[in-house]
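Chains as they are written, first to last, in my numbering: chain P, 5 to 106; chain A, 165 to 280; chain X, 287 to 495. All C-beta atoms in this analysis are idealised placements derived from N, C-alpha and C, irrespective of residue type, glycine included. Note that the structure is a prediction, hence the values are computed from the model and not measured. All remarks here apply to the structure that follows.
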Amino acid sequence: MNGIHDLGGMHGHGPINPPPVEPVFKHDWERRIFALFIGAFGGGHYNVDEFRHAIERMDPAHYLLGSYYEHWLHAIETLLLEKGVVTREELDRTMATLKGGH
Amino acid sequence: MPVVTKELVPLLVQTGASARVAEEIPARFLPGDTVLARNVNPANHTRLPRYVRGKVGTIVMDHGVFVTPDTAAHGLGEHPQHVYCVRFTAAELWGGDASPRDTVNIDLWDDYLQPS
Amino acid sequence: MSHDHDHTDPPADIELRVKALESVLAEKGLIDTGALDELIDIYENKIGPRNGARVVAKAWTDPDYKQRLLSDATAAIKELGFSGVQGEDMVVVENTPDVHNMIVCTLCSCYPWPTLGLPPAWFKSAPYRSRVVIDPRGVLKEFGISLSDEKEVRVWDSSAELRYLVLPERPAGTDGWHEDRLVDLVTRDSMIGVGFPKSSADLHQQAGA
């Protein structure tokens with residue numbers, strides 16, 4: 005698809021500004037979603053092509069604004085919902101419970 | 165469905181999941197061949213980026229036979245085929261202002277290419 | 287002025303969404319939380335560019351190994367114990383006085399995990415991915431590198447399942463150095479192609495600092 009992910013040759017995305025050092029993960033949730041990706045992939049719930057395509061199907065503005073691991077979260081949620089591995093209700097209910105527990 | 169347990173993790177990490185397919189499929193192109201990256205605009209998943217479509221390059225490596233993402237992303241099977249590294253000059257991709265020496269080398273599936 | 291490579295702070299509920307997803311999958315018995323902890327430990331603490339540096343240093347000191355590395359990178363890298371996820375099929379490209387190689391993945395962020403670890407944020411960002419193929423020399427300038435017009439810049443866009451690693455040129459003034467000492471000269475950026483290895487003088491400076 006002619007998606008927003010197909011970035012090669014575009015102008016206007018600004019400077020790269022590589023920092024001299026950076027941590028492997030910036031937030032704890034990044035650790036969890038990284039590991040969840042491998043765990044669910046290893047469990048056979050999606051292949052890498054489905055995963056990449058789920059990222060490409062993101063809303064273009066969200067794609068550009070969202071961080072890398074946010075793309076991953078979006079893709080894993082999308083695929084597991086589409087395949088019926090989890091339901092929206094299960095995720096919402098659990099989020100509500102976790103929120104209440106804070 | 166298998167569950168990845170803690171005990172399985174080291175083996176999984178060290179083995180991975182190669183997309184290479186052990187199937188004898190004849191290669192349509194040889195290193196040195198001139199090829200055209202097809203000018204197509206599929207709405208499905210593809211790994212043929214827009215910047216090489218309709219451009220002419222040269223096969224520099226035949227990587228062997230791999231799963232095709234265009235079908236695998238949509239539950240349509242592995243459709244194994246050769247993947248080649250294709251070299252495009254910067255001038256072919258970006259026009260006359262590009263550095264005359266520079267090249268972009270990109271891995272493309274057999275279906276993405278036609279003889280030129 | 288600073289420019290955040292991740293563009294924005296994540297939305298406030300992202301942490302909750304990740305927790306909910308993990309918790310639902312764990313309840314269903316589809317993931318093992320201990321396995322996730324183990325994966326995080328491996329990729330955060332055990333796998334990193336030091337692995338790739340070992341490959342490079344060996345290639346600098348052992349011509350037979352270098353030959354194997356350039357003809358069958360996957361097997362040669364596995365000889366040193368590095369293999370697996372996102373390095374299942376490897377290609378190593380050699381810098382020479384005439385050619386400078388750079389790696390990118392314009393369509394996503396493919397990167398050779400077993401030899402370099404997980405990619406830095408800039409490698410995954412739109413600025414790097416968009417520009418490397420159209421303006422590699424401009425990108426190199428941002429990394430403080432200016433190359434002669436005589437040199438060919440060869441960009442490798444890893445759009446398929448091959449993962450690429452650059453074999454940088456061995457720094458001058460390191461004749462007779464043992465492999466273990468050379469390892470300290472090999473930087474992550476030099477194996478992506480946006481940097482050079484440290485010089486022997488850099489090492490002395492570091493030691494003296």
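- In the structure shown, the three-state DSSP call for His464(X) is coil.
- By the CB criterion at 7 Å, Gly47(P) and Val167(A) fall inside the cutoff.
- Chain-order list of chain X residues neighbouring Phe230(A): Ala446 and Glu447, by C-beta distance under 7 Å.
- What Val168(A) touches in chain P, judged by beta-carbon distance under 9 Å, is Ile42, Gly43, Ala44, Phe45, Gly46 and Gly47, going in chain order.
- Each of Asp53(P), Ala39(P) and Met5(P) was checked against the Cα of Pro233(A), and the nearest Cα belongs to Asp53(P).
- Taking 7 Å as the upper bound on Cβ-Cβ separation, chain A lies near residues Val419, Ile420, Pro422 and Arg423 of the region 416-431 of chain X.
- Taking a cut-off of 8 Å on C-beta distances, the region 297-307 of chain X touches the region 87-105 of chain P, as three or more cross pairs fall below it.
- Within the region 452-479 of chain X, the residues whose Cβ lies closer than 9 Å to some Cβ of chain P are Asp475, listed in chain order.
- Any Cβ of chain P closer than 7 Å to the Cβ of Pro174(A) would place that residue at the interface, and such an atom is absent.
- A residue is called buried once 16 or more other Cβ atoms fall within 10 Å of its Cβ, and Asn387(X) is buried on that count.
- With a 10 Å radius around the Cβ and a threshold of 16 neighbouring Cβ atoms, Leu402(X) comes out buried.
- Relative to the Cα of Val268(A), the nearest Cα in the group Thr169(A), His238(A), Lys219(A) and Ala237(A) belongs to Lys219(A).
- For the region 7-51 of chain P, the full-length alpha helix (DSSP H) segments reaching 4 residues or more read 32-46 along the chain.
- When the beta-carbon positions are compared, Val439(X) and Asp226(A) stay at least 7 Å from each other.
- Three or more beta-carbon pairs drawn from the region 370-389 of chain X and the region 441-460 of chain X are found closer than 8 Å, and the two stretches are therefore classed as touching.
- Scanning chain P for C-beta atoms nearer than 9 Å to the C-beta of Pro244(A) yields nothing, as the closest lies near 13 Å away.
- Here Asp226(A) is bridged, per DSSP, to Tyr248(A).
- Counted as a single uninterrupted DSSP element, the alpha helix (DSSP H) harbouring Val342(X) occupies residues Pro335 to Thr347.
- Counting the other CB atoms within 10 Å of its CB gives Gly259(A) a total below 16, which places it among the exposed residues.
- Around Ala359(X), the same chain offers Met376, Val377, Val378 and Leu451 as residues with beta carbons nearer than 8 Å, after the five sequence neighbours per side are excluded.
- Annotation for Leu356(X): Val378 and Glu380 place their beta carbon closer than 7 Å to its own, counting only its chain and skipping 5 residues before and after.
- In terms of Cβ geometry, Gly13(P) and Ile328(X) do not form a close pair [threshold 7 Å].
- With respect to chain X, the C-beta atom of Glu94(P) has a partner C-beta closer than 7 Å.
- Three or more pairs of CB atoms, one per stretch, sit closer than 8 Å, so the region 470-484 of chain X contacts the region 396-411 of chain X.
- Listed in chain order, the non-local C-beta contacts of Val441(X) below 7 Å within the same chain comprise Met388, Val390, Val418, Val419 and Pro422, local neighbours out to five positions each way being set aside.
- For Leu175(A), the secondary structure class from DSSP, reduced to helix, strand or coil, is helix.
- Look at Ala186(A): its C-beta is not under 7 Å from any C-beta on chain P.
- Ranked by how close their Cα comes to the Cα of Pro383(X), the residues Asp323(X), Gly424(X), Ser434(X) and Asp488(X) have Ser434(X) in first place.
- Neighbours of Glu60(P) in chain A, taken as residues whose beta carbon is under 8 Å from its own, are His209 in chain order.
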